[in-house]
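Novice: In our numbering, the protein residues as written are 16 to 335.
Pasting a structure below so you can have a look.
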């Protein structure tokens, strides 16, 4: 254990449990890095370990100013992912603690996860799965011929145009879809549209933007009302980008036909959230990023930045 006499290894607190692949990837670096693991819901272990950590590998559990104050030795908070809205950045800066992220590391996984939700929602997979298991899948529901679409015949609008959206765009284009996007300013490409125009002409709208003051509640009742009748909404970014009560109404009464959600305004999602009761919603618990391949990329990046701290080199992808 680092901190003992003669142990000069860099002490890391990983705020997630370790699986065999993670331990195997870290093992070759055990001579200079000492990683302690803690489940996100284990506050007792977290607060016991935090005062000893020089680096915190942070995932999703919000990190408050009070938490950061307990990290007496912290030199780096390294976000496993891109969004740093779960970190009290000003508190970290006030204590001289660097913050870094990993832009693009989860892009392939989240892009595929967004596609998964698109297909499941568009093809009414949850309902058909339930009916098949219940023995009511036959005779074939003839309404499918009027309501189910191929992605290749759809216009897909991407809200946000970072690494994930661009990765997803390549997949969608290969499937024959027409792909539009919007971002904070007109980027001069043929596919760029204003948000209002994108909402009105897209069969599928997929959200890929960080949570900021400007993006919070961006898809409110007014914005949802502008979407095409029968359209599908996908969110793999941050739940608070959508006004959830307005989304529930749009799914119950139109214009939305379905939604695929990996994120929620409050996580873990409450059992009384009305979204959980809607048959036209496909839900996953904020895991589209969570694959063995993403974890391998995350750990490569995290170990590299730990080595930079250990050797006194500039950090990669420093946010603050």
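Glycine included, every Cβ here is placed at the ideal spot set by N, Cα and C.
Just checking my contact of residue 271 with residue 248 at CB under 8 Å: how many whole Å lie between their CB atoms?
Specialist: So it is a contact: roughly 6 Å between Cβ atoms.
Novice: How many Å lie between residue 29 and residue 178 at the Cα?
Specialist: Going from the Cα of residue 29 to the Cα of residue 178 covers about 25 Å.
Novice: Hey, could you find the ends of the alpha helix (DSSP H) residue 94 is sitting in?
Specialist: That residue, residue 94, is in no alpha helix (DSSP H); its beta strand (DSSP E) goes 91-94.
Novice: Among 254, 268, 311, 89, which residue has its Cα nearest to the Cα of residue 288?
Specialist: Among 254, 268, 311, 89, the Cα nearest to that of residue 288 is on 254.
Novice: Indicate whether residue 183 and residue 230 have their beta-carbon atoms separated by less than 8 Å.
Specialist: Their beta carbons are not under 8 Å apart, which means residue 183 does not touch residue 230 by this criterion.
Novice: Is residue 80 helix, strand or coil by DSSP?
Specialist: Note: residue 80 maps to helix in three-state DSSP.
Novice: Taking DSSP's pairing of strands, which residues face residue 296 in a bridge?
Specialist: Answer is 274.
Novice: Is the beta carbon of residue 103 closer than 8 Å to that of residue 78?
Specialist: Cβ distance < 8 Å, so residue 78 and residue 103 count as in contact.
Novice: Report buried or exposed for residue 197, applying the criterion of at least 16 other Cβ atoms within 10 angstroms of its Cβ.
Specialist: Classification for residue 197: buried.
Novice: What number of angstroms, rounded off, separates the C-alpha of residue 333 from the C-alpha of residue 112?
Specialist: Their backbone Cα atoms lie some 11 Å apart in a straight line.
Novice: Taking the straight line between their C-alpha atoms, what separation do you get for residue 118 and residue 99?
Specialist: Taking the straight line from one Cα to the other gives about 11 Å.
Novice: Are the beta-carbon atoms of residue 214 and residue 172 separated by less than 8 Å?
Specialist: Closer than 8 Å, so yes.
Novice: Quick check on residue 250: does DSSP put it in helix, strand or coil?
Specialist: If DSSP states are grouped into helix, strand and coil, residue 250 belongs with the strands.
Novice: Which complete beta strand (DSSP E) runs does the stretch 192-219 hold, if anything under 3 residues is left out?
Specialist: Complete beta strand (DSSP E) runs here, min 3: 193-197.
Novice: Please go through the same chain and pick out, in chain order, the residues whose beta-carbon is closer than 8 Å to the beta-carbon of residue 132, but skip the five residues on each side of it.
Specialist: Correct list, in chain order: 249, 251, 275, 276, 277, 297, 299, 303.
Novice: Let me know if residue 50 comes out buried or exposed under the rule of 16 or more other beta-carbons within 10 Å of its beta-carbon.
Specialist: Under this definition residue 50 is a buried residue.
Novice: Residue ranges of each beta strand (DSSP E) run of no fewer than 3 residues wholly in the stretch 115-200, ordered along the chain?
Specialist: Here the runs fully enclosed are 170-174, 193-197.
Novice: Below 8 Å on the Cβ atoms is my contact criterion, and I expect residue 192 with residue 216 to pass it. Report the Cβ-Cβ distance as a whole number of Å.
Specialist: In fact, because the Cβ distance is near 13 Å, the residues do not count as touching under 8 Å.
Novice: My understanding is that residue 93 touches residue 73, with C-beta atoms under 8 Å, so please give their C-beta distance in whole angstroms.
Specialist: Residue 93 to residue 73, Cβ: 7 Å. Contact.
Novice: Can you tell me which of 266, 223, 228 puts its alpha carbon nearest to the alpha carbon of residue 240?
Specialist: That would be 266, whose Cα lies nearest to the Cα of residue 240.
Novice: Is any beta-carbon of chain B found at less than 8 Å from that of residue 155?
Specialist: The structure shown has no chain B; it contains just one protein chain.
Novice: How far does the alpha helix (DSSP H) with residue 52 in it extend, from its first residue to its last?
Specialist: No alpha helix (DSSP H) holds residue 52; the beta strand (DSSP E) holding it covers 48-52.
Novice: Considering residue 28, what are the terminal residues of the beta strand (DSSP E) in which it resides?
Specialist: First-last of the beta strand (DSSP E) with residue 28: 25-29.
Novice: Of the residues 244, 309, 331, which one's Cα is nearest the Cα of residue 162?
Specialist: Answer by Cα proximity: 244.
Novice: Just the Cα atoms here: how many angstroms apart are residue 144 and residue 189?
Specialist: About 27 Å.
Novice: Hey, residue 114 and residue 122: beta-carbon distance below 8 Å or not?
Specialist: No; because the gap between Cβ atoms is not below 8 Å, this pair is not in contact.
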